[in-house]
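Numbering (the numbering used here), first residue to last: 12 to 386. I have placed the structure first, in the form of structure tokens, so that the comments after it can refer back to it.
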């Protein structure tokens, strides 16, 4: 009996030792791969700079169709401030931008850049009224029309909704992707933590909020998956060239976190997470109150059911909050990042956005730019 028990323990110990040896081999192999020459280029589509304001710039993606075949209403992508916008065009097989280009849309994007110390006093007025307003004015003049399409993503969607409410005639169609609007929810740690942050102390002490601080906070929202599980998965697939390339590009994006302009960060947290002013109609931008009911253009609202950054409760109520009678709202069984990079994104989510814009842009005759439009 004792001999049989010893044999079981010896077999278990041998199996455990074999697993440890295999894990050590994979660790060594992982170090070899990560220290070798890797294809870490991000941004699959060529761009050209169209206009520049301070550290921000407006870029145009190279169309895939002849100029004469492009749809008449351009699309401007407005991304969040907290990460770099190349997530929209990460690589050839993970690109929302390419899906937009494939249907003949003329696609532009605001690159917010990297705020410097001197940018700490930039406010939401600067980002929304000055930067967005001027870039939209540039597109209206460039395309000789009075309105443009806007695709707002995450915090960039919040900015886009605010701009659309203040300047509804500037935007022909508004698409919002994983966009927080209603912040009166305790779903998700980000909402809970953001409500508790002493943002005055933080900004008064630091000036600009360091990107590394933001990044650590985002990692702690889902520590097992973002700090352990994905690296175990990397070791399991370390010999797959495609997997490693995809992994490294994602890691590059995750840790490429710009600092946040202090005053804009202060105002955003106070007005949204702390006081939910946007939904209450109490948010003031450019000296005017923002009324979401003034969003009267067609609206597409896409959000993720398993989003740990923008909980569904923050986006689900958008159809009832805006004034438009043409609202399409869809939820998808994925997480925040899955909306951009998953296989379903390329098969379903991105084509949904592209076809929605295309259908509403085909019969749109150009109309003269408003004299009140910003140039």
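Beta carbons: idealized from backbone N, C-alpha and C, even for Gly.
What residue does the alpha helix (DSSP H) around residue 215 start on, and which one ends it? 210 to 217
For residue 58, which residues does DSSP report across the bridge? 72
Would you check if there are 3 or more beta carbon pairs closer than 8 Å linking the region 280 to 294 to the region 96 to 105? no
C-alpha distance - residue 175 paired with residue 292, whole-angstrom precision: 14 Å
Take residue 142 and list the residues in its own chain whose beta-carbon comes closer than 6 Å to its own, dropping the five residues that flank it on each side. 64 and 67
For residue 119, name the three-state secondary structure that DSSP assigns. strand
Alpha-carbon spacing of residue 373 relative to residue 344, whole angstroms: 30 Å
With 16 other CB atoms within 10 Å as the buried threshold, where does residue 109 fall? buried
In the DSSP assignment, find the unbroken beta strand (DSSP E) run with residue 343 in it and report its ends. 338 to 343
Since residue 286 is in the beta strand (DSSP E), which residue starts that stretch and which ends it? Premise fails: residue 286 is in no beta strand (DSSP E) and is neither H nor E.
Of the choices 83, 77, 208 and 76, whose alpha-carbon is the least far from that of residue 369? 83
Output the distance between the C-alpha atoms of residue 171 and residue 216, rounded to the nearest integer angstrom. 30 Å
Selected residue, minimal CA-CA separation from residue 371, among 302, 332 and 184: 184
Can you list the beta strand (DSSP E) stretches of 3 or more residues lying completely in the region 307 to 335, in chain order? 310 to 315
Starting from residue 175, trace the alpha helix (DSSP H) in both directions and tell me its first and last residue. 166 to 177
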